[in-house]
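Quick notes on the structure that follows.
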Amino acid sequence: MNAPQTRDHSLSSEQLAQVVARDIPAGAYVNLGIGQPTLVANHLGPEDDVTLHTENGMLGMGPEAHGEQVDPDLVNAGKIPVLETPGCSYFHHADSFAMMRGGHLDCCVLGAFQVDVHGNLANWHTGSPDAIPAVGGAMDLATGAKQTFVMMRLLTREGRPKLVQRCTMPLTGVECVSRVYTDLAVFDLADGAVTVRETFGIDAAGLAALLDVPLRGVPSDAGR
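Here the sequence shown is numbered in the UniProt record's numbering, starting from 1 and rising by one per residue.
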């Protein structure tokens, strides 16, 4: 699956979902978090050999359902109607969480309010007094999955970076995030360092100017 061409602008959510889907290895068992990550399911096909798990008790989830395909009893964790894949199975919510906590998932893809250079994740509460907490299964996934990928916009609506030196919001997981997918760049996190894998619609200097963290490995085709 080829990455989308984004020479003149940052990626849309659907384009970013395509990039995430491209990087999931064949044979993986994967949980997609609520929000942007659910779009990844739309860019995986039988040829990718990826099995999707949902915390509400479904293994073998397919892409989003539309029109006459919709069955109100078949939804993902975000209550979006989805399709089954051959061999799909269902189980109790408690069993689903046992799978998540027991190290049976190769990867989870989660949204985030903040991720820091140490791989710490904050995605369940902004810390604001009037904010509504929404942890769901994120803590279980961040702890139990073998890899945690984050899919988010790089900047908030106010223009503040969400990839930071140290999270200031309540943590979901500690040193759990290994890769961050954003509309402007993809980053690997390891040993307190941030390495740029690829960029979209921005050059190296522009990316560095947005973030208050040191960056390694800015690709030679940055800003393609």
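We treat Cβ as the ideally placed atom computed from N, Cα and C, and that holds for glycine.
**OP:** List the endpoints of the continuous beta strand (DSSP E) containing histidine 9.
**Re:** Stepping through the sequence shown from its first residue, residue 9 is reached at position 9. Counting along the chain, histidine 9 falls outside any beta strand (DSSP E), and DSSP gives it neither H nor E.
Original post:
What is the rounded straight-line gap between the Cα of glycine 127 and the Cα of lysine 162?
Top reply: For the purposes of this step, residue 127 is identified with residue 127 of the sequence shown, where counting begins at 1. For the purposes of this step, residue 162 is identified with residue 162 of the sequence shown, where counting begins at 1. Each residue's alpha carbon lies about 14 Å from the other.
Original post:
CB-CB under 8 Å to serine 178, same chain, minus the five flanking residues each way: which ones, in chain order?
Top reply: On the sequence shown, residue 178 is found 178 positions in, with the first residue counted as 1. Beyond the five residues adjoining it in sequence on each side, serine 178 comes within less than 8 Å, by CB distance, of Gly119, Gln147, Thr148, Phe149, Asp188, Leu189 and Ala190 in the same chain, given in chain order.
Original post:
Which residue's Cα is closest to the Cα of threonine 156: Asp140, Gly173 and Asp183?
Top reply: Against the sequence shown, residue 156 aligns to sequence position 156. Selection Asp140, Gly173 and Asp183 evaluated against threonine 156 yields Asp183 as nearest (Cα-Cα).
**OP:** Please determine, among Ala94, Ala41 and Val50, the residue with the shortest C-alpha to C-alpha distance to glycine 57.
**Re:** By 1-based counting over the sequence shown, the position of residue 57 is 57. Nearest option by C-alpha distance: Ala94.
**OP:** Identify whether glycine 217 lies in helix, strand or coil by the three-state DSSP scheme.
**Re:** One-based indexing of the sequence shown puts residue 217 at position 217. Here glycine 217 sits in coil by DSSP.
Subject >> Residue(s) in a DSSP beta bridge with asparagine 31 >> reply: One-based indexing of the sequence shown puts residue 31 at position 31. For asparagine 31, which the question treats as bridged, DSSP gives the partners His53 and Cys108.
Subject >> Span separating the alpha-carbon of arginine 7 from that of alanine 208 >> reply: If you number the sequence shown from 1, residue 7 lands on position 7. If you number the sequence shown from 1, residue 208 lands on position 208. Interpretation of arginine 7 is limited by its pLDDT of 43, a score under 50 that renders its predicted location unreliable; no figure is taken from the coordinates.
Subject >> Coil, strand or helix - glycine 62 by DSSP >> reply: Your numbering for residue 62 matches position 62 in the sequence shown. DSSP, reduced to helix, strand and coil, places glycine 62 within a strand of the structure shown.
Subject >> Residues near alanine 17 by beta carbon distance below 6 Å, same chain, minus five either side >> reply: Counting from one through the sequence shown, the residue named residue 17 turns up at place 17. Non-local C-beta neighbours of alanine 17 in its own chain, meaning closer than 6 Å and more than five positions away in sequence, comprise Leu39, Val40 and His43, ordered along the chain.
**OP:** Quick one: residues in its chain with C-beta nearer than 8 Å to the C-beta of glutamate 175, no 5 flanking neighbours on either side, listed in chain order?
**Re:** Along the sequence shown, one-based indexing puts residue 175 at 175. Contacts found: His118, Gly119 and Asn120.
**OP:** Could you check the C-alpha separation between histidine 9 and aspartate 203 for me, to the nearest Å?
**Re:** Residue mapping note: residue 9 aligns to position 9 of the sequence shown, counting from 1. Residue mapping note: residue 203 aligns to position 203 of the sequence shown, counting from 1. For histidine 9 and aspartate 203, the distance between alpha carbons rounds to 11 Å.
Subject >> Assigned secondary structure, serine 128 (DSSP; H/G/I helix, E/B strand, else coil) >> reply: As a first step, residue 128 must be located in the sequence shown, where it is residue number 128. Serine 128: coil per DSSP, three-state reduction.
Subject >> Supposed close pair isoleucine 24, cysteine 88 - CB separation, criterion 8 Å >> reply: In the sequence shown, the residue the question calls residue 24 occupies position 24. In the sequence shown, the residue the question calls residue 88 occupies position 88. The pair is not a contact, with the Cβ atoms about 18 Å apart (cut-off 8 Å).
Original post:
Exposed or buried, proline 37, counting other C-beta atoms within 10 Å across all chains shown (16 or more means buried)?
Top reply: On the sequence shown, residue 37 is found 37 positions in, with the first residue counted as 1. Counting of Cβ neighbours within 10 angstroms places proline 37 among the buried residues, the total reaching 16 or more.
Subject >> Through-space distance from threonine 172 to arginine 166, alpha-carbon basis >> reply: Position 166 of the sequence shown, counted from the first residue, corresponds to residue 166. Position 172 of the sequence shown, counted from the first residue, corresponds to residue 172. Taking the straight line joining both Cα atoms gives about 13 Å.
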